[in-house]
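Residue numbering for the sequence shown follows the working numbering, beginning at 6 and increasing consecutively.
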Amino acid sequence: MTKFNFNFSGKSIFSEITKDFFENRFSNLAYLPRWVVFCIDIVIVLFASVITYFIVSNLTFKNYDTYSVSIRYLITLLTYAFFFFAFRTYAGIIRHSSFIDGIRLLLATSFAFFSLVVLNYTHFFVHSTKIFLMPELFIHSIISFVLLFLFRIVVKFLFETYVELESKDKIKKIVVFGIDANAFALAKALNSEQPKRYKVVAFIEKTAANKTKEVLGLPIVSYKESVAQIIKKFNASGIILSDHSLTKSEQLQIVDDCLEHHFQVLSTQTVKNWEDEKSITKSIKQFDIKDLLERQPIVLHNQVISNQIKGQTIMITGAAGSIGSEIVQQVLDFKPSKLIVVDQAETPLYQLGLLLDSLLLDIAYFSYVADIKEAFVMEKIISEHKPSVIYHAAAYKHVPLMELNPYQAVLTNVYGTKVLADLAQKYKVASFVMVSTDKAVNPSNVMGASKRIAEMYVQSLFRNAQAQEETTTKFITTRFGNVLGSNGSVVPLFTKQIQEGGPITITHPDIIRYFMTIPEACQLVLEAGSMGNGGEIYIFDMGEPVRIIDLAYKMIRLAGFIPEQDISIQVVGLRPGEKLYEELLNDAAKTLPTYHEKIMIAHEASVTNFELFLSQLEALIQSAKKMQSTETVSLMKTILPEFKSRNSEFERLDS
Numbered sequence: 006m007t008k009f010n011f012n013f014s015g016k017s018i019f020s021e022i023t024k025d026f027f028e029n030r031f032s033n034l035a036y037l038p039r040w041v042v043f044c045i046d047i048v049i050v051l052f053a054s055v056i057t058y059f060i061v062s063n064l065t066f067k068n069y070d071t072y073s074v075s076i077r078y079l080i081t082l083l084t085y086a087f088f089f090f091a092f093r094t095y096a097g098i099i100r101h102s103s104f105i106d107g108i109r110l111l112l113a114t115s116f117a118f119f120s121l122v123v124l125n126y127t128h129f130f131v132h133s134t135k136i137f138l139m140p141e142l143f144i145h146s147i148i149s150f151v152l153l154f155l156f157r158i159v160v161k162f163l164f165e166t167y168v169e170l171e172s173k174d175k176i177k178k179i180v181v182f183g184i185d186a187n188a189f190a191l192a193k194a195l196n197s198e199q200p201k202r203y204k205v206v207a208f209i210e211k212t213a214a215n216k217t218k219e220v221l222g223l224p225i226v227s228y229k230e231s232v233a234q235i236i237k238k239f240n241a242s243g244i245i246l247s248d249h250s251l252t253k254s255e256q257l258q259i260v261d262d263c264l265e266h267h268f269q270v271l272s273t274q275t276v277k278n279w280e281d282e283k284s285i286t287k288s289i290k291q292f293d294i295k296d297l298l299e300r301q302p303i304v305l306h307n308q309v310i311s312n313q314i315k316g317q318t319i320m321i322t323g324a325a326g327s328i329g330s331e332i333v334q335q336v337l338d339f340k341p342s343k344l345i346v347v348d349q350a351e352t353p354l355y356q357l358g359l360l361l362d363s364l365l366l367d368i369a370y371f372s373y374v375a376d377i378k379e380a381f382v383m384e385k386i387i388s389e390h391k392p393s394v395i396y397h398a399a400a401y402k403h404v405p406l407m408e409l410n411p412y413q414a415v416l417t418n419v420y421g422t423k424v425l426a427d428l429a430q431k432y433k434v435a436s437f438v439m440v441s442t443d444k445a446v447n448p449s450n451v452m453g454a455s456k457r458i459a460e461m462y463v464q465s466l467f468r469n470a471q472a473q474e475e476t477t478t479k480f481i482t483t484r485f486g487n488v489l490g491s492n493g494s495v496v497p498l499f500t501k502q503i504q505e506g507g508p509i510t511i512t513h514p515d516i517i518r519y520f521m522t523i524p525e526a527c528q529l530v531l532e533a534g535s536m537g538n539g540g541e542i543y544i545f546d547m548g549e550p551v552r553i554i555d556l557a558y559k560m561i562r563l564a565g566f567i568p569e570q571d572i573s574i575q576v577v578g579l580r581p582g583e584k585l586y587e588e589l590l591n592d593a594a595k596t597l598p599t600y601h602e603k604i605m606i607a608h609e610a611s612v613t614n615f616e617l618f619l620s621q622l623e624a625l626i627q628s629a630k631k632m633q634s635t636e637t638v639s640l641m642k643t644i645l646p647e648f649k650s651r652n653s654e655f656e657r658l659d660s
């Protein structure tokens, strides 16, 4: 016995009928040619003429018999056709009709109406008789515009309904936080985007809202309750933060609330061109990881930096790296006369050159593929260009690799710095700004120890020259924590691991780090170079440190996954030389304030016997050149008694 299942749900029946209709009619439909659209518009005007004829015929008006009905409406069709051409009403894609297309139709029908009115009265003055009744012209123009506009709305509605039915499982419902022009432009762009990714279902505003308030047919909800509750109410999957007036704490509160309930958080840039829908939708991105920094970004004094850089020759080592390339771009904003970029990595340096070429600069720049350990090459560059400021960002920085290759850490980080510092002094470079790291404080690994020895050398070189009352280069050191997004940092690694489906690997559940963004780090380098008098080590007030495991959880949630369910977190153990937390100052150091509340000077013990230090340094460099790892590390520990290896084969040297 056959069993019949009748579903009388109007919504279900409508969905099935429209789905079947659309799949059979529209699935392979391309854009209509312009001549077809034009012909359809003419047919609509003709249909409007027929309707107008029957309306006028049933009124008390009597048509003029100057010309036959067919001649009268032929004149009407030709007039409308002319203005369709003039205003290119056929040029738009019907399924993507916009406000501009409606304006074109209004102008075309209005001009056609007024032209026919002018023709009517001109004929009257010449032949003492009119062609059209004035009510007839007016009624015809209204009906024509309504039908032309309705045709476009119907096609647009049918197409969008078809797209939504076809991509029902792919389109995500989204809530937009913000009710300014930027938010509305974003919503319109998303709703007309093809292929469609998001459907905006509501707006949220910060202030108390009227519950009856709507924009674009969508409700505006007041931010009185939890954002997550609002998203749940509209059965949405996430939120786009479009309100750029939100404070850092408000953003973090919203993000934490959404992530806790597994909602996606997106952000967008300010829309500059509201007509360019592609650029609007392309600006949507995952909430930026740098916004997870639980502190306000540090803004520095650009005028001081400009006074030092503008019109000068600037040299940057490690210029193709993540820090060096950002320094290059920030330096360009201050209009130096000449830029010298040095790096041993050929491909990244070539890409940096392409970027500089694309900027169409009036600044002369020179790229050198060179190693800072090559004293002859470095002297050739510095003697030829005579830079007034050197930003020294070239270094080996990967802790585990340098633990395996201590001689390379010494040769590049120590000897390379010594080569550059000596040449800076020899050729009277005004300022030498060295990029260092918080790993140089109470170092537990070879990389950190090599950077601390380099710090000691440039500082002692300056103070020795001062003691001998010589005019010397201002040697300045900048020291900061981990940089978000830099080469080798944890953020790109986590991003890659999430994209690959996990697991995310962390070395220890209790490991914490200070974080800052690349632009902030480079601003510190530039300002330190301008404010320093020489011999200082500048550090940032970097706020509260971040637990790496918390960062991992947030990144997983921001990517739209559930930690330990979609993406697992795996603890792999501390790497050689790694410690649970980093410090910006050693135990005996003190800080001195500067004119910027977020920048301080580390006052640390300096070299007391410069000649002894030089002899120790020479022995260290010679040992490194012979690739004698154990002896090299042993000499480093002699120079730096506070250097205590952790989780490393060199721990035995500490006993």
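C-beta: ideal position from N, C-alpha, C; glycine also.
Which same chain residues end up closer than 7 Å to residue i when comparing Cβ atoms and leaving out the 5 residues on each side of it in sequence?
i, result
"E654", "none"
"V205", "I179, V181, A192, L195, N196, L223"
"K378", "L416, T417, Y420, G421, V424"
"P598", "M605"
"F154", "G107, L110"
"A35", "Low local confidence applies: a pLDDT of 49 at A35 is under 50, so the model's placement there is unreliable, with the coordinate-based value given in what follows. Hits under 7 Å: none found."
Using DSSP with H/G/I as helix, E/B as strand and the rest coil, what is residue i?
i, result
"I210", "A quick correction: the sequence has Glu, not Ile, at residue 210. Three-state DSSP puts E210 in a strand."
"T71", "coil"
"P550", "coil"
"F339", "coil"
"Y78", "helix"
"T510", "strand"
"P38", "coil"
"S32", "With a pLDDT of 43 at S32, under the threshold of 50, the predicted position of this residue should be treated as unreliable, though the coordinate-derived value follows. S32 falls in the coil class under three-state DSSP."
"S133", "coil"
"I259", "helix"
"Q269", "strand"
"P646", "coil"
"E505", "coil"
"L163", "helix"
"F27", "Note that F27 scores 45 on pLDDT, short of 50, meaning its location in the model is unreliable; the coordinates nonetheless yield the value given after this. If DSSP states are grouped into helix, strand and coil, F27 belongs with the helices."
"I108", "helix"
"T252", "coil"
"G323", "coil"
"E541", "coil"
"S227", "strand"
"T114", "helix"
"G243", "strand"
"K193", "helix"
"K238", "helix"
"R202", "coil"
On the premise that residue j lies in contact with residue i, defined as a C-beta separation below 8 Å, what is that separation, rounded to the nearest angstrom?
i, j, result
"I236", "L271", "No, I236 and L271 are not in contact; Cβ-Cβ is about 12 Å, not under 8 Å."
"I516", "I553", "5 Å"
"T57", "I148", "6 Å"
"A454", "L645", "6 Å"
"Y543", "A533", "4 Å"
"P508", "I572", "7 Å"
"F437", "A445", "Rounded, the Cβ-Cβ distance is 17 Å, inconsistent with contact."
"F485", "G539", "Rounded, the Cβ-Cβ distance is 20 Å, inconsistent with contact."
Tell me which same chain residues have a C-beta within less than 6 Å of the C-beta of residue i, skipping the five on either side of it?
i, result
"A629", "Y412, V415, L416, T637"
"V463", "A426, M439, F480"
"E219", "none"
"I80", "none"
"T94", "R109, L110, A113"
"S393", "Q317, T318, A435"
"A241", "K178, I179, V180, V206"
"L152", "I49, A53"
For residue i, collect the residues of the same chain with a Cβ closer than 8 Å to its Cβ; drop the 5 residues on either side in sequence, then sort them by chain order.
i, result
"H390", "T318, M320, K343, I345, F371"
"N125", "K135, I136, F137, M139, L142"
"Q633", "Y412"
For this session: For the segment 422-491, list the alpha helix (DSSP H) runs that are entirely contained and at least 4 residues long, ordered along the chain.
Result: 422-431, 451-472
Exercise. If you scan the segment 342-409 from start to end, which runs of the alpha helix (DSSP H) of 4 or more residues do you find wholly inside it?
Worked result: 351-363, 380-390, 404-409
For this session: Take every Cβ of the segment 328-338, pair it with every Cβ of the segment 382-401, and state whether three or more of those distances are shorter than 8 Å.
Result: yes
Problem set entry | Complete runs of the alpha helix (DSSP H) confined to the segment 568-637 [at least 4 residues] | 615-630
Exercise. Can you find at least 3 beta carbon pairs, one from the segment 111-121 and one from the segment 78-90, that sit closer than 8 Å?
Worked result: yes
Exercise. Using 8 Å as the threshold, is the segment 308-316 in touch with the segment 373-388, meaning 3 or more CB pairs across them?
Worked result: no
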